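Residue numbers for the sequence shown follow my numbering, beginning at 227 and rising by one. A quick write-up on the structure given underneath.
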Amino acid sequence: MPGGLKKTIRWVVVALGGLAVTAAAIFIAGQNPFAPSTFEFQQYREFRGTLLAEPYPALAIPGQGPPWLLAGPGKHGAGDLRVLDGHEVQLKGERIFRGDDHMIELLPRSLASTGPARAAFVNTDLGSVQLTGEIVDSKCYFGVMNPGNGKVHRDCAARCIRGGIPPAFLVRDAGGRTATLLLANWKPALLDHIAEPVTIRGRIVRVSGRLTLYAE
Numbered sequence: 227m228p229g230g231l232k233k234t235i236r237w238v239v240v241a242l243g244g245l246a247v248t249a250a251a252i253f254i255a256g257q258n259p260f261a262p263s264t265f266e267f268q269q270y271r272e273f274r275g276t277l278l279a280e281p282y283p284a285l286a287i288p289g290q291g292p293p294w295l296l297a298g299p300g301k302h303g304a305g306d307l308r309v310l311d312g313h314e315v316q317l318k319g320e321r322i323f324r325g326d327d328h329m330i331e332l333l334p335r336s337l338a339s340t341g342p343a344r345a346a347f348v349n350t351d352l353g354s355v356q357l358t359g360e361i362v363d364s365k366c367y368f369g370v371m372n373p374g375n376g377k378v379h380r381d382c383a384a385r386c387i388r389g390g391i392p393p394a395f396l397v398r399d400a401g402g403r404t405a406t407l408l409l410a411n412w413k414p415a416l417l418d419h420i421a422e423p424v425t426i427r428g429r430i431v432r433v434s435g436r437l438t439l440y441a442e
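Below, the structure written as C-alpha cells:
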C-alpha cells in the first residue's frame, strides 16, 4: 500500500474509533441511573412481629416503620395467611427494599406463630381520591428487578401479579416525587393495563402506616 494512502487510512481508523468511544460515553451518560433498591439474595434473616393478612400478607415489626409485605420465592405470593391474622409470628427471609417500601421473601416452612397479637392496628380512612399512575408488581419494583416498572417490565409484572405478588400503584406528584400505594380489591381485568398510565378512583386507607388504595 502506498505510504500516503496508509497514513490516510490510519487516521480514518483512529478517528472512527474515537468517534465510537465518544458516542458510547454520550449514550451511557444519557441513561437514567438505576433506582437505589436492594434484594438481599440468599441473605436470610430472622424476623419477629405481628402478621397482618389483609389486604395482602405483611409483617408489622416494632420500630421498623410501615409493615413489610410478604412474598414467596420466585413469582409467587405468600399464600393465604388469614389463619394467622393478628398473631405474633417469627419467620426467616430475604429483605427487599426501595426507600420506604419494604418486603420480605419468605423462606419456605420458616413461618411459625409465637402467640396472639398484643395490640390492635387501627385503619384510618383518608377519603376519596382520583389518582393517575402505573400499576406495578411490588416485589420487582421494590428491588428484585431493576428497572422494576415500565413497558420493559410489563410481561414480568403481569406474571408476578398473577402468581399472587401484591399489586401496587405508583404515582408521582407535580414535583416528581413518587409514592407507592397497595392496590386492594384487585381485578384480573387490570392485567391489561399494567405499565400504562391509568386513572383510578377510590378510597385511600392507612393501615399501620401503609397507604392502600381501594379502587371503585
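Glycine is no exception: its CB is placed at the ideal position from the N, C-alpha and C atoms. Please read these numbers as outputs of a predicted model, since none were measured by experiment.
Expected contact under 8 Å - CB spacing of residue i and residue j to nearest Å
| i | j | result |
| --- | --- | --- |
| Gly359 | Leu396 | 5 Å |
| Cys366 | Ala383 | 6 Å |
| Thr350 | Arg427 | In fact, because the Cβ distance is near 19 Å, the residues do not count as touching under 8 Å. |
| Ser339 | Val315 | 5 Å |
| Thr276 | Gly312 | 7 Å |
| Leu409 | Ala441 | 7 Å |
| Ser364 | Pro392 | 5 Å |
Residue i burial status per 10 Å Cβ neighbour count (16 or more: buried)
| i | result |
| --- | --- |
| Asn375 | buried |
| Ser354 | exposed |
| His328 | buried |
| Arg236 | exposed |
| Arg274 | exposed |
| Gly298 | buried |
| Ala304 | buried |
| Arg271 | exposed |
Pairwise C-alpha distance: residue j and residue i
| i | j | result |
| --- | --- | --- |
| Gln269 | Lys318 | 10 Å |
| Lys413 | Arg388 | 11 Å |
| Arg308 | Ala394 | 20 Å |
| Pro262 | Glu331 | 19 Å |
| Phe320 | Arg429 | Before going on, a small fix: residue 320 reads as Glu here, not Phe. About 32 Å. |
| Asn241 | Lys232 | Note that residue 241 is Ala in the sequence shown here, rather than Asn. Approximately 14 Å, taken between the alpha carbons. |
| Ile256 | Gly229 | The question names Ile, but residue 256 is Gly in the sequence shown. Distance between the alpha carbons of Gly256 and Gly229 is about 41 Å. |
| Ala286 | Leu278 | 7 Å |
| Val378 | Ile420 | 11 Å |
| Ser405 | Thr438 | This sequence places Ala at residue 405; Ser is not what is there. About 11 Å. |
| Ala415 | Leu407 | 19 Å |
| Tyr282 | Gln356 | 22 Å |
| Leu310 | His302 | 19 Å |
| Ser434 | Asp381 | 31 Å |
| Asn411 | Phe267 | 30 Å |
| Arg398 | Val238 | 48 Å |
| Ala284 | Ile252 | 43 Å |
| Gly402 | Val348 | 30 Å |
| Met227 | Asn372 | 51 Å |
| Leu337 | Thr425 | 37 Å |
| Gln290 | Leu352 | 23 Å |
| Ile322 | Pro423 | 25 Å |
| Ala343 | Ile254 | 51 Å |
Task: Cβ pair count under 8 Å reaching 3, the segment 237-253 against the segment 292-299 - done: no
Open item on the list: Just to confirm the assignment: which complete beta strand (DSSP E) runs, minimum length 3, are found wholly within the segment 302-328?
Closed with: 313-324
Task: alpha helix (DSSP H) runs contained entirely in the segment 344-423, provided each spans 4 or more residues - done: 380-388
Task: Within the segment 242-301, ranges of the beta strand (DSSP E) (whole runs, at least 3 residues) - done: 263-265, 271-278, 284-286 and 294-297
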